[in-house]
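From first to last, the protein sequence lines are chains Y and S.
Just so we're aligned, residue 0 is where the first sequence starts under numbering that gives the first Met the number 0, counting upward by one.
Just so we're aligned, residue 0 is where the second sequence starts under numbering that gives the first Met the number 0, counting upward by one.
The structure appears below as structure tokens.
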Amino acid sequence: MIAVGLSLQYGVARVLNVSHGEFIMLGAFLTWTMFTLVGINPLVSLVVCGPVTFALGFVLYRTVYRRIRSASESPEIFEGNSMLASFGFIFIMQNLAILIWGASSRGYSYLAVPVKLAGAEFAANRLVMLFFAVMICLVFYLFLTRTRTGKAIRAAALDPAAAGIMGIEVNRVLALCFGLGALMAGLAGSLLSMSYMIQPTMGFEYTIIAIIVVVIGGLGSIQGSFIGGFILGIIGTIVTYIEPGLSLVAYYLIFMLLLLVKPSGILGR
Amino acid sequence: MSTRKGFSRPGSAQIALFLILMVLLPLPLYASKYTVVLLGNIFMYIVITVSWTIFSGPTRYISLAPAAFFGVGVYTAAGLGHVLSLPAIIITGGLLSFCLAVLVGGITLRLKGIYFAMFTLGLVELIVTFLRWWEVNFSGTVGRLVVSVDNTTVYYVMLFILVLSILTAHLLGRSKYGLALRSIGECEEAASHTGINTTLLKIVTFAVSASFMGATGVIMATRWTYIDPRIAFDLDLSFMPVVMAIIGGMNQLYGPILGAVFFTYLEELLITRFPYYYMLIFGIILVVAILYLPRGVGGLMQMRQAKRPEGKHAHTSN
């Protein structure tokens, strides 16, 4: 789900948003704040986190990335510059969060009861998290394939110039995509906060994993991201089984090997 | 000719540099210990930024690997500090970074644009996680001790590396290799068609710039006395030179130096009292610089001379 958001931002809006993890962090902390201060159910706060992160992403694209886009002479320069700008946002968002919420890690307990399912025990909050993640991905997939806006997004991803000629407001679609990517990250963060500890610097780790997943699947290919996530999950489990300390090393190795052999990814164009 | 004017006039710039050097040389004799340490820090960032710019400036390959090369130097100091003399470790550290850069450059420099940036970022993280795993499982410790060296020695070694790196950057910028690197940045295919061995040139330049970072890593490690993988391979060291070079402007030699001095001083002012504000300001400046100052402060100064044609046509004005 995290990777799908990133894939959308890179595939369509051409921004390799390395501050993606910071949106996850934001979603997580919003949920945490609402739960501990007001006692709002984390699942209800999904409804709040989504629009907030969406708006933030949308505005960011409208103000910052569009400017960089019009100032850049070629797509390559735009990709480089926008990536650097998003590095800037890592610093900004992380430290704002530290100033607001403090640097320590937080957590709360919600639905932390064991549930028996098919003979094995699971924590209820993880099951809920998994269920909602799958549902959100499904809804999102339907949105992309079945609606007119989804069609416009796919058109803009394939060929922005032609899409513009066909009467699609490309700039708006790109901003929409960036916002949707942020929305996915925010929702993911919200869900994550139910079962993991959260802290302002948590984002980067997720960003790196998301980048790896997206590269494996093919930058800009949303189906690829699903496949990439699946492959990475399998490899992670196998390596963790053999040598637990090396799973991150394995991720990086696969990532780098893939960049060397086929930088465009499994389903890349 | 606009970018090269400053070099062809033998007067002002060289004299200014010479004067600055004359002030810096006897400094530890009269300045406070604090100033010496601070200047050592500033030198470190200048070296890393300048050597980053040697490769990434003209070729436009965004390398996020400085932390890796720096860390190699740090670990060389930790591993060989008890065995070899200081100059020997510094040279070893530089050489090891050089070798790593040749290896990495050899396999990765055909990646373009952000793929290269992502690969180099992955490299740093790969080394950190692997090293941590290795230390825990085989040597039983996470951190290591480094033989410490007194501040004055650190200062002079840093000054020496600094002069060496600036000299290298200056000479390279003037030579035909500098021009060749720039043409790689403008259009790599055209560069290779004009008979430039682009691969070799890229790898060698990348490795030279890495060896400066490695040497810096060795000498700065002696100041920390204790290191672990995360300290040695600090990702901030990968981002800092990029930001410093962007803000200073990469077209002139003094751009990265200005950027490095400015940020190190800002860090010194803010980081002890408001560490988070420093990073916050750092991020804001980065975004603003990319938005409004694509050529950096140095580029701003240059803009007064002539309005250059943009991007792909820039070679006509060089």
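We treat Cβ as the ideally placed atom computed from N, Cα and C, and that holds for glycine.
Legend entry - Strand pairing of residue 97(Y), partner residues [DSSP]: Answer is none; residue 97(Y) lacks a bridge partner.
Inset, instruction - Determine the direct distance from the alpha carbon of residue 104(S) to that of residue 63(S), and round the result to whole angstroms. - result: Distance from the CA of residue 63(S) to the CA of residue 104(S), rounded to the nearest whole angstrom, comes to 13 Å.
Inset, instruction - Could you have a look at residue 170(S) and say whether DSSP puts it in helix, strand or coil? - result: Assignment of residue 170(S) by DSSP, reduced to helix, strand and coil, places it in the helix class.
Legend entry - residue 24(Y) versus residue 276(S) - alpha carbon distance: Distance between the alpha carbons of residue 24(Y) and residue 276(S): 19 Å.
Inset, instruction - Kindly indicate if chain Y contains any beta-carbon less than 8 Å away from that of residue 241(S). - result: With 8 Å as the cut-off, residue 241(S) counts as an interface residue toward chain Y.
Inset, instruction - Evaluate contact between the region 38-57 of chain S and the region 210-228 of chain S, counting only Cβ atoms and requiring at least three cross-stretch pairs below 8 Å. - result: Taking 8 Å as the limit for Cβ pairs, the verdict is that the region 210-228 of chain S does touch the region 38-57 of chain S.
Inset, instruction - Give a yes or no on whether the minimum CB-CB distance between residue 87(Y) and chain S is below 8 Å. - result: For residue 87(Y), the answer is yes, since a Cβ of chain S falls inside 8 Å of its Cβ.
Inset, instruction - Using beta-carbon positions only, say whether residue 34(Y) and residue 96(Y) come within less than 8 Å of one another. - result: Judged by their CB atoms, residue 34(Y) and residue 96(Y) are not nearer to each other than the 8 Å cut-off.
Inset, instruction - Could you say if the region 177-192 of chain S and the region 219-239 of chain S meet the contact criterion of at least three C-beta pairs nearer than 8 Å? - result: No: the two stretches stay apart, fewer than three of their Cβ pairs being nearer than 8 Å.
Inset, instruction - Put residue 144(S) into one of helix, strand or coil per three-state DSSP. - result: Reduced to three states, the DSSP call for residue 144(S) is strand.
Inset, instruction - Could you check the C-alpha separation between residue 186(Y) and residue 161(S) for me, to the nearest Å? - result: One C-alpha to the other measures close to 48 Å.
Inset, instruction - Can you have a look at residue 260(S) and say buried or exposed, based on whether 16 or more other CB atoms are within 10 angstroms of its CB? - result: When all chains shown are included, residue 260(S) counts as buried.
Inset, instruction - Please decide whether residue 168(Y) counts as near chain S, where near means a Cβ-Cβ distance under 8 Å. - result: Closer than 8 Å: no.
Legend entry - CB contact check: residue 297(Y) to chain S, cutoff 8 Å: Nothing can be reported for residue 297(Y): it is not among the residues displayed for chain Y, which extend from 0 to 268.
Legend entry - Proximity test, Cβ basis, 8 Å: residue 212(S) and chain Y: With its beta carbon at least 8 Å from every one in chain Y, residue 212(S) lies outside the interface.
Legend entry - Whole-angstrom distance between residue 233(S) and residue 198(S), CA atom to CA atom: Their Cα atoms are separated by approximately 29 Å.
Inset, instruction - Could you please give me the residues that DSSP links to residue 256(S) through a beta bridge? - result: Per DSSP, none; premise fails for residue 256(S).
Inset, instruction - Note down, in chain order, all residues in the region 195-221 of chain S with a beta-carbon under 9 Å from any beta-carbon belonging to chain Y. - result: When CB distances to chain Y are screened at a threshold of 9 Å, not a single residue of the region 195-221 of chain S falls below it.
Inset, instruction - Within its chain, find whatever has a CB closer than 6 Å to the CB of residue 60(S); leave out the 5 residues flanking it on each side and keep chain order. - result: Cβ-Cβ distances below 6 Å link residue 60(S) to 115 in the same chain, with the five nearest sequence neighbours on each side left out; the list follows chain order.
Legend entry - Host alpha helix (DSSP H) of residue 150(Y) (start-end): Judged by DSSP secondary structure, residue 150(Y) falls within the alpha helix (DSSP H) whose first and last residues are 147-157.
Inset, instruction - Would you please verify whether the beta carbon of residue 100(S) is less than 8 Å from any beta carbon of chain Y? - result: With 8 Å as the cut-off, residue 100(S) does not count as an interface residue toward chain Y.
Inset, instruction - Could you confirm whether any beta carbon from chain S is found closer than 8 Å to the beta carbon of residue 66(Y)? - result: It does; some Cβ of chain S falls within 8 Å.
Inset, instruction - Can you pull the chain S residues whose beta carbon is under 8 Å from the beta carbon of residue 77(Y), in chain order? - result: Contacts between residue 77(Y) and chain S, judged by CB atoms closer than 8 Å, are missing: the closest CB pair is about 10 Å apart.
Inset, instruction - Look up residue 60(S) in the DSSP assignment and say whether it is helix, strand or coil. - result: The three-state reading of DSSP puts residue 60(S) in coil, since its state is none of H, G, I, E or B.
Legend entry - Residue-chain proximity (residue 260(Y), chain S), Cβ-Cβ < 8 Å: Output row for residue 260(Y): interface = no.
Legend entry - Backbone CA spacing between residue 307(S) and residue 250(S) [nearest angstrom]: Unreliable positioning characterises residue 307(S) in this predicted model, as indicated by a pLDDT of 45, which lies under 50. The coordinate reading is nonetheless provided below. Taking the CA atoms as reference points, residue 307(S) sits about 13 Å from residue 250(S).
Inset, instruction - Consider the Cβ of residue 191(Y): report whether some Cβ of chain S lies at a distance smaller than 8 Å. - result: At least 8 Å separates the CB of residue 191(Y) from every CB of chain S.
Legend entry - Residue-level contact to chain S via CB, residue 210(Y), 8 Å cutoff: Output row for residue 210(Y): interface = yes.
Inset, instruction - Check whether the region 275-289 of chain S touches the region 80-89 of chain Y, counting contact only when three or more Cβ pairs, one atom from each stretch, lie closer than 8 Å. - result: Judged by pairs of C-beta atoms under 8 Å, the region 275-289 of chain S touches the region 80-89 of chain Y, as three or more such pairs exist.
Inset, instruction - Check whether the Cβ atoms of residue 143(Y) and residue 153(Y) sit closer than 8 Å, and answer yes or no. - result: Remark: C-beta atoms of residue 143(Y) and residue 153(Y) approach each other more closely than 8 Å.
Inset, instruction - Determine the direct distance from the alpha carbon of residue 41(Y) to that of residue 199(Y), and round the result to whole angstroms. - result: Going from the Cα of residue 199(Y) to the Cα of residue 41(Y) covers about 18 Å.
Legend entry - Cα-Cα separation between residue 21(Y) and residue 203(Y), rounded to whole angstroms: Cα to Cα, residue 21(Y) sits roughly 7 Å from residue 203(Y).
Inset, instruction - Give the range of the alpha helix (DSSP H) segment to which residue 326(S) is assigned. - result: Absent from the structure is residue 326(S), since the part of chain S shown begins at 0 and ends at 317.
Inset, instruction - Tell me, please, whether the CB atom of residue 254(Y) is closer than 8 Å to any CB atom in chain S? - result: Interface residue, yes.
Inset, instruction - Give a yes or no on whether the minimum CB-CB distance between residue 154(S) and chain Y is below 8 Å. - result: The Cβ of residue 154(S) sits no closer than 8 Å to any Cβ of chain Y.
Inset, instruction - Using only alpha-carbon positions, find the residue among 227(Y), 55(Y), 258(Y), 79(Y) that is nearest to residue 290(S). - result: The candidate whose alpha carbon is nearest that of residue 290(S) is 79(Y).
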